[in-house]
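Protein chains: 2
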Amino acid sequence: MSISEAEAKVMEALWAQAPQSAEDLFARISGEQDWQLSTLKTLLGRLLAKGAISADKDGRRYLYRPVLERSQYLAEQSQSLVDRLFSGRLAPLVAHFSAQRSLKPDDVAELKALIKQLEQP
Amino acid sequence: MSISEAEAKVMEALWAQAPQSAEDLFARISGEQDWQLSTLKTLLGRLLAKGAISADKDGRRYLYRPVLERSQYLAEQSQSLVDRLFSGRLAPLVAHFSAQRSLKPDDVAELKALIKQLEQP
DNA sequence: GGCAATCGATTACACGTGTAATTTGTCGAT
DNA sequence: ATCGACAAATTACACGTGTAATCGATTGCC
Chain A
0 MSISEAEAKV
10 MEALWAQAPQ
20 SAEDLFARIS
30 GEQDWQLSTL
40 KTLLGRLLAK
50 GAISADKDGR
60 RYLYRPVLER
70 SQYLAEQSQS
80 LVDRLFSGRL
90 APLVAHFSAQ
100 RSLKPDDVAE
110 LKALIKQLEQ
120 P
Chain B
0 MSISEAEAKV
10 MEALWAQAPQ
20 SAEDLFARIS
30 GEQDWQLSTL
40 KTLLGRLLAK
50 GAISADKDGR
60 RYLYRPVLER
70 SQYLAEQSQS
80 LVDRLFSGRL
90 APLVAHFSAQ
100 RSLKPDDVAE
110 LKALIKQLEQ
120 P
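First to last, the protein sequences are chains A and B. Heads up: the first sequence at position 33 corresponds to 32 in numbering that gives the first Met the number 0, and the numbers run straight through without jumps. Heads up: the second sequence at position 57 corresponds to 56 in numbering that gives the first Met the number 0, and the numbers run straight through without jumps.
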């Protein structure tokens, strides 16, 4: 099962720090996200059901921690986009960004460094 | 309003060739997508409602053509992913792919060529 | 002109999602 | 033992989406 966008925001908060209680998460997420505590609880429940997080009892409350790794989530999402829209190849995506002129000089420099690294393993 | 994944498949078929009738599209999409004609009609209706395509009467049929451009759709989708998962920067996404070892030598070569081009406009 | 074929339009329906209120269960304090 | 606080679980509900059947209108043929 894949996680939704709202659920992903909860995951981000857990990837930033874990474990956290629902209250912790609520405090951390408020400001970013204008949710009722109840909403967050619903999302935690759904993430638990999906196996994306785990919960350990800590006194009267639960402490939640990610099971799904951020890097795995990134991989799924990125791969899916590249597959769906760019025939599974990364270069066309970069070309697209370049054509849109949304590459800052910083990006170009960073990319260049990356490529260099890839060429000399 | 944004278009859904099933709707995007219809758009792809229209981007590949336009204008096309519902029947044309159905023929072109069958094999990729195991839809009933009725399903395709529903999706065309929704795309029309969203303004992503237009329809011109051609005798008893309609001919559909894209209004939303593919490049704009690519831009929205890519930007959204990069914003949500990579702080809006492209380089980290490429780095992620590289770390996943999902870059083939071809890709690296192509990227290198791209970068080169970006440096000497 | 009536009937059948053919389209598009309308209606259907289950499921995921965003958002939340209400209910339930438990622990601590009186 | 009871009551209140609090946390989690359950229930709620509207909306988008995937998938499709059916309805209704138009048109070509006999």
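All residues carry an ideal CB built from backbone N, CA and C; glycine is no exception.
CB contact flag (residue i, residue j, <7 Å)
| i | j | result |
| --- | --- | --- |
| Q18/A | R64/A | Checking the sequence shown, residue 18/A turns out to be Pro, not Gln. The answer is yes: Cβ separation under 7 Å. |
| L117/B | S97/A | yes |
| K111/A | I114/B | yes |
| K49/B | Q32/B | no |
| D80/B | L80/A | Contrary to the premise, residue 80/B reads as Leu rather than Asp in this sequence. Yes, these two residues count as a Cβ contact at 7 Å. |
| H95/B | L36/A | no |
Nearest-angstrom beta carbon gap, residue j and residue i [assumed within contact, 8 Å]
| i | j | result |
| --- | --- | --- |
| L24/A | I52/A | In fact, because the Cβ distance is near 10 Å, the residues do not count as touching under 8 Å. |
| M10/B | L67/B | 7 Å |
| S20/A | L92/B | Not quite, the Cβ-Cβ distance comes to about 32 Å (not below 8 Å), so this is no contact. |
| L62/A | D55/A | 5 Å |
| E6/A | R45/A | 6 Å |
Limits of the unbroken beta strand (DSSP E) element including residue i
| i | result |
| --- | --- |
| K56/A | 52 to 57 |
For residue i, the first and last residue of its enclosing alpha helix (DSSP H)
| i | result |
| --- | --- |
| L73/B | 69 to 85 |
| L62/A | L62/A -> not in any alpha helix (DSSP H); beta strand (DSSP E) instead, spanning 60 to 65. |
| Q35/B | Segment: none, Q35/B is in no alpha helix (DSSP H) and carries neither H nor E. |
| E31/B | Unbroken run through E31/B: none, as it is neither H nor E. |
| S97/A | 89 to 98 |
| Q116/A | 104 to 118 |
| M10/B | 4 to 15 |
Any chance the region 76 to 89 of chain B sits against the region 35 to 46 of chain B, with 3 or more Cβ pairs inside 8 Å?
-> Pairwise C-beta distances place the region 76 to 89 of chain B out of contact with the region 35 to 46 of chain B, as fewer than three of them are shorter than 8 Å.
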